[in-house]
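A short worksheet on the structure shown next.
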Amino acid sequence: MLNFLKINELDNVEVALKESDGIPAGHKRALKAIKKGEPIIKYGNPIGIATADIAEGEWVHIHNLKTGLGDLLEYTYEPEVKPLAEQKTATFMGYKRLDGKVGIRNEVWIIPTVGCVNNIAQIIERKSQDLIKGSVEGIHAFAHPYGCSQLGEDHLNTQKALAGLINHPNAGAVLVLGLGCENNTIDGLKQVIGDYDENRVKFIVCQEHEDEVAVALEVLAGLVDFAAGFTREEVPASELVIGLKCGGSDGFSGITANPLVGAISDKLISQGGTSMLTEVPEMFGAETLLMKRCVNEEVFNKTVSLINNFKTYFIKHDQVVYENPSPGNKKGGISTLEDKSLGCTQKGGSAPVVDVLTYGEPVKTKGLNLLQGPGNDLVAATALSVSGAHIVLFTTGRGTPFGAPVPTVKISSNNELYAKKKNWIDFNAGQLLSGKTMDEVSTEFYNYILDLASGRIQSKNEEQGIRDLAIFKDGVTL
1 MLNFLKINEL DNVEVALKES DGIPAGHKRA LKAIKKGEPI IKYGNPIGIA
51 TADIAEGEWV HIHNLKTGLG DLLEYTYEPE VKPLAEQKTA TFMGYKRLDG
101 KVGIRNEVWI IPTVGCVNNI AQIIERKSQD LIKGSVEGIH AFAHPYGCSQ
151 LGEDHLNTQK ALAGLINHPN AGAVLVLGLG CENNTIDGLK QVIGDYDENR
201 VKFIVCQEHE DEVAVALEVL AGLVDFAAGF TREEVPASEL VIGLKCGGSD
251 GFSGITANPL VGAISDKLIS QGGTSMLTEV PEMFGAETLL MKRCVNEEVF
301 NKTVSLINNF KTYFIKHDQV VYENPSPGNK KGGISTLEDK SLGCTQKGGS
351 APVVDVLTYG EPVKTKGLNL LQGPGNDLVA ATALSVSGAH IVLFTTGRGT
401 PFGAPVPTVK ISSNNELYAK KKNWIDFNAG QLLSGKTMDE VSTEFYNYIL
451 DLASGRIQSK NEEQGIRDLA IFKDGVTL
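Residue 416 in the UniProt record's numbering is what sits at position 416 of the sequence shown, and the numbering runs on without skipping anything.
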């Protein structure tokens, strides 16, 4: 096994594959002398500027490297769009819904309109487990702290997020549980939900009933009966929607796990499927690579707005736009936001960018979509779920146990993490550091995803009952 890897022929640094010559694994060393003020090149692109003279073979990290990013920028559309070659589509066993969508799970979901009834929803969840039958795979409640005392965009974001779950095809049926005095009234929420099947979605206002739990259990029995009418059928992989996310990244994430997920995204899209890439702050520094792949000027302009609006969000709160890499990122070898972003955006593969979605907006165009969302793991994975992702592919070099409302597949960037945390990690991209080719590993992983979509296996977050719902919030709480 090599001790160091040069990722791109243009690079002036290489990455330690294991601790060597005093350079920690995942960290960078200079391939030649670099003068103060000169760019550090990794992935074939600048990841920052040297803050001191760096000798050949010297460790390159936060002590001698700083970001080269500024704040708001102007961009020009210079397209380099290369459509993927179409492939014969694979299939999986999914649930065809009456509205034409396809689900990969057949669950019954309990959605509170407001945090005040979270515990009631969880009591109902516990008491309803003996109702599960037939093809119904679970009854789950999703707690959240919002739905009241919110104004403007925050209030709408909560409604859009809950509506996205209510309309999600992984739910065969849904019980919406309201309190009765919240801002997020059921009548108001219905306006955001849009058309719905009254047999599939039922509503209860707790204040209107003497024993809301008993009433809810009776309603749930009917919803289970409805959901049990669905059975798995063979459907093309073109019906799949995957969300792309990373967290706790390390110096190997941009070498193994993220390129692997990019290969999966390209493979799915080449078969007519859909992927969504989010974490807008982790596009900063690599955004022009995505802009060049926009299919037309309208999508390019939406991408520019996506980037600059998120920078404005930082500036509005007096925060530094480029202060992103976490302590864990830095410990793992990531030095600047450009370093992180150039690795992060590889999850989007090489497919053209076909659309840009606002927070909570349902995905509607097959292909690679960009989605408004922060870098925070729980919030971004929830954003992918509510926009319609069946599965979230989550790459990590440090590990995390969390899960989104949908199956959340954890992909380790290195062998050590996979060996240590098999209770968290679903798939090991570290194999790419041990002699396996990208074609071999991506074929194995794609088959894993089809098995997961078909219900033949579960993700670790499903097995452990970990399903987090974190809604994006920006404004005032009354």
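Backbone N, C-alpha and C define an ideal beta-carbon position, used for all residues, glycine too. Quantities reported herein were computed from a predicted structural model and do not represent experimental measurements.
query: Are there three or more Cβ pairs, one per stretch, closer than 8 Å when the segment 441-449 is compared with the segment 262-270?
result: The answer is yes - the segment 262-270 touches the segment 441-449, with three or more Cβ pairs under 8 Å.
Residue closest to Thr76, alpha-carbon to alpha-carbon, out of Leu433, Asn369, Val299: Of the residues Leu433, Asn369, Val299, the one whose Cα lies closest to the Cα of Thr76 is Val299.
field: Residue nearest to Pro407 in terms of C-alpha spacing, selected from Ile166, Leu179, Ala453
entry: Closest option to Pro407, Cα to Cα, is Ala453.
message: Can you list, in chain order, the residues of its chain with a C-beta nearer than 7 Å to that of Gly332? Leave out the 5 residues immediately preceding and following it.
response: For Gly332, where only same-chain residues beyond five positions count, the Cβ hits under 7 Å are Gly26, Ser249, Asp250, Gly251, Gly397, Arg398.
- prompt: What whole-angstrom Cβ distance do Ala143 and Leu469 have, given they're in contact under 8 Å?
  reply: With 8 Å as the limit, Ala143 and Leu469 qualify as a contact, their Cβ atoms being about 7 Å apart.
task: Give every residue of the same chain whose Cβ lies closer than 7 Å to the Cβ of Leu217, excluding the five residues on either side of it in the sequence, and list them in chain order.
output: Taken in chain order, the residues that qualify are Ile124, Lys127, Ser128.
query: How would you call Leu151, buried or exposed, if buried means at least 16 neighbouring beta carbons within 10 angstroms?
result: Result: exposed.
- request: Tell me Trp109's beta-bridge partners as DSSP assigns them.
  value: Trp109 pairs with His140, Val174.
query: Identify the residues that DSSP records as bridge partners of Met276: which are they?
result: In the DSSP assignment, Met276 forms a beta bridge with Gly243, Asn369.
task: Have a look at the DSSP bridge pairing and note the partners of Phe92.
output: Its beta-bridge partners are Val235.
query: Arg126 lies in the alpha helix (DSSP H); which residues open and close that run?
result: Where Arg126 is concerned, the enclosing alpha helix (DSSP H) stretches over 118-127.
- prompt: When DSSP builds the beta bridges, which residues end up paired with Pro39?
  reply: DSSP, once it has assigned bridges, lists Ile49 as partnering Pro39.
- prompt: Is the CB-CB distance between Gly188 and Gln207 below 9 Å?
  reply: A distance of 9 Å or more separates the beta carbons of Gly188 and Gln207.
field: Test item: CB-CB of Arg293 and Glu74 under 9 Å
entry: Going by C-beta atoms, Arg293 is not nearer than 9 Å to Glu74.
query: Is it right to say His63 is buried, meaning 16 or more other beta carbons lie within 10 angstroms of its own, or is it exposed?
result: Exposed.
task: Consider the C-beta atom of Tyr75 and the heavy atoms of the ligand SAM; say whether any pair is separated by less than 8 Å.
output: Here there are no bound small molecules, and the ligand SAM is not part of this structure.
message: I need the straight-line Cα distance from Asp53 to Lys422, nearest angstrom please.
response: Whole-angstrom Cα-Cα distance: 42 Å.
field: Segment contact, 8 Å Cβ cut-off, at least three pairs: the segment 301-310 with the segment 281-290
entry: Three or more Cβ pairs drawn from the segment 301-310 and the segment 281-290 lie within less than 8 Å of each other, which places the two stretches in contact.
message: Could you check whether Ala380 and Lys267 sit closer than 9 Å to each other, using their CB atoms as the reference points?
response: No, Cβ-Cβ distance for Lys267 and Ala380 is not below 9 Å.
- prompt: Asn185 and Leu433: beta carbons closer than 9 Å?
  reply: The sequence as given places Thr at residue 185; Asn does not occur at that position. For Thr185 and Leu433, no; Cβs fall outside 9 Å.
- request: Could you tell me whether the Cβ atoms of Ile391 and Ile193 are closer together than 9 Å?
  value: No.
- prompt: Given that a residue counts as buried once 16 or more other Cβ atoms are within 10 Å of its Cβ, and exposed if not, what is Gly172?
  reply: Gly172 is classed as buried because its beta carbon has at least 16 other beta carbons within 10 Å across all chains shown.
query: Can you list, in chain order, the residues of its chain whose CB lies under 8 Å from that of Gly48, leaving out five sequence neighbours each side?
result: The answer, listed in chain order, is Pro39, Ile40, Leu65, Lys66, Thr67, Gly68, Ser335, Thr336, Glu338, Asp339.
- request: Give the DSSP-derived three-state secondary structure of Ala383 in the structure shown.
  value: The DSSP-derived three-state label of Ala383 is helix.
message: My output table needs one value for Thr288: the three-state DSSP class, helix, strand or coil.
response: Taken through DSSP and simplified to helix, strand or coil, Thr288 comes out as helix.
- request: Could you work out which residue in Pro362, Val117, Ala30, Pro374 is closest to Val176 when comparing CA atoms only?
  value: In this structure, Val117 is the residue among Pro362, Val117, Ala30, Pro374 with its C-alpha nearest to the C-alpha of Val176.
query: Are Val241 and Gly115 touching if we call contact CB-CB under 9 Å?
result: Against a cut-off of 9 Å, the Cβ pair of Gly115 and Val241 comes out as no contact.
- prompt: So what does Ser20 bridge to, in DSSP terms?
  reply: DSSP, once it has assigned bridges, lists Ile23 as partnering Ser20.
- prompt: For Ile120 versus Leu131, is the C-beta spacing smaller than 9 Å?
  reply: Here Ile120 is not near Leu131, since their CB atoms are 9 Å or more apart.
- request: Could you pull the start and end residues of the alpha helix (DSSP H) that Val205 belongs to?
  value: From DSSP, Val205 is part of no alpha helix (DSSP H) but of the beta strand (DSSP E) over 201-205.
message: For Ala50 and Gly328, I'd like the C-alpha separation in whole angstroms.
response: The alpha-carbon separation between Ala50 and Gly328 amounts to approximately 22 Å.
- request: Give me the Cα-Cα distance between Glu297 and Val356, rounded to the nearest whole angstrom.
  value: Taking the CA atoms as reference points, Glu297 sits about 12 Å from Val356.
- prompt: Nearest to Ser238 by CA position, among Val441, Lys366, Asp426, is which residue?
  reply: Residue nearest to Ser238 within the set Val441, Lys366, Asp426 is Lys366 (criterion: CA-CA distance).
field: Simplified DSSP assignment, three categories, for Thr158
entry: In the structure shown, Thr158 falls within a helical segment according to DSSP collapsed to helix, strand and coil.
- prompt: Going by DSSP, which residues form a beta bridge with Gln355?
  reply: In the sequence on display, residue 355 carries Asp and not Gln. Beta-bridge partners assigned by DSSP to Asp355: Asn369.
message: So if DSSP puts Val224 in a beta bridge, which residue, or which two residues, is it bridged to?
response: Note: Val224 sits in no beta bridge, so no partner.
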